[in-house]
Amino acid sequence: MGRRGAYAAELAAWWAVLVALWLTLVSRVDRVEWAVGVPAALLGALAACGARRAVARR
Numbered sequence: 034m035g036r037r038g039a040y041a042a043e044l045a046a047w048w049a050v051l052v053a054l055w056l057t058l059v060s061r062v063d064r065v066e067w068a069v070g071v072p073a074a075l076l077g078a079l080a081a082c083g084a085r086r087a088v089a090r091r
């Protein structure tokens, strides 16, 4: 697996964890929660990957 594959795997792992956390913490899981949680988790996953790479370069 190359760099892109490793980045995609890391991004998918972060995304899955953040979506699971989001759905665990909301009181009712319906379409609106999915519509908000999935993109929010993607933004969080992108931020987490970027932060980890920034720290690793130090």
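Take the sequence shown: its position 13, counting from 1, is numbered 46 in the numbering used here, and each next residue is one higher.
C-beta: ideal position from N, C-alpha, C; glycine also.
With contacts defined by Cβ atoms closer than 8 Å, Val-52 and Val-71 form a contacting pair.
Annotated as proximal: Ala-73 and Trp-55, with beta-carbon spacing under 8 Å. The C-alpha of Arg-36 is placed about 14 Å away from the C-alpha of Arg-85. About 5 Å separates the beta carbon of Leu-44 from that of Cys-82, a gap short enough to meet the 8 Å contact definition.
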